[in-house]
Amino acid sequence: MEINMLINLSELFTLEGKEKTYTPDIEMDIYHGPGGDYEIVSKEPVVLRIMNLGNRKLEAEGKAMLTLRIPCDRCLDPVEVPLEFDIVRTLDLNESEEERVEELDEQPYLKGYNLDVDQLVCDELILNLPMKVLCSESCKGICNRCGTNLNHETCDCDKR
């Protein structure tokens with residue numbers, strides 16, 4: 104069963120310029136990204152300031168910090184990758200959910216007057232993942248013949 108942290112934004116629409124700071128927990132334990140599924144080994148509550156801009160638009164600014172366990176690109180050993188990133192979004196409630204998804208090419212993090220914090224973090228994670236993950240700069244990788252992890256063992260494939 105998947106549990107998502109939803110923030111009800113309706114109270115912010117009572118007054119233009121009204122703002123509120125939220126510190127919701129990230130509920131997900133696995134990040135399902137385009138490159139695979141990665142375990143979230145540590146996470147801090149998201150700090151999110153949301154302000155009413157008027158005309159059914161909100162501005163969300165915040166920060167997220169978490170650590171993902173991602174396989175090394177050379178040897179596939181797990182690497183803990185700390186990530187800290189800013190969140191800056193304009194939330195336009197005049198647009199339908201379909202328009203937002205089509206425009207941004209991402210999953211909907213706005214559901215009516217509710218903000219899905221986990222989905223917002225997922226959408227930001229895509230933009231903040233490192234291009235290359237290495238267990239160390241000197242990683243030797245795996246043998247492309249026998250699959251031996253050359254950081255832990257040697258093989259005789261080069262001698263043949």
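If you're matching positions, the sequence shown starts at 104 in my numbering and goes up one per residue. Glycine included, each C-beta is placed from N, C-alpha and C at the ideal position.
According to DSSP, Tyr-125 shares a beta bridge with Leu-151.
In this chain, the alpha helix (DSSP H) harbouring Ile-229 covers 220-231. In this chain, Glu-256 is not harboured by any beta strand (DSSP E), its DSSP state being neither H nor E.
Membership of Arg-159 in any beta strand (DSSP E) is not indicated, and neither H nor E is assigned to it by DSSP. Between Leu-223 and Arg-192, the C-beta gap is smaller than 9 Å, which places the two residues in contact. Beta-bridge annotation (DSSP): Thr-251 is not paired with any residue.
For Cys-249, same chain residues with a beta-carbon under 8 Å away, outside a window of 5 residues either side, are Cys-258 and Cys-260 in chain order. When secondary structure is reduced to three states using DSSP, Ser-113 falls in the helix class. Rounded to the nearest angstrom, the Cβ distance from Cys-242 to Arg-177 is 4 Å, consistent with a contact under 8 Å. In the three-state DSSP reduction, Lys-262 falls in the helix class (H, G or I). Under the three-state reduction of DSSP output, Asn-197 falls in the coil class, being neither helix nor strand. Counting only residues of its own chain and dropping the five nearest sequence neighbours on each side, Leu-115 has a CB closer than 8 Å to the CB of Lys-121, Glu-122, Lys-123, Ile-153, Met-154, Asn-155 and Leu-161.
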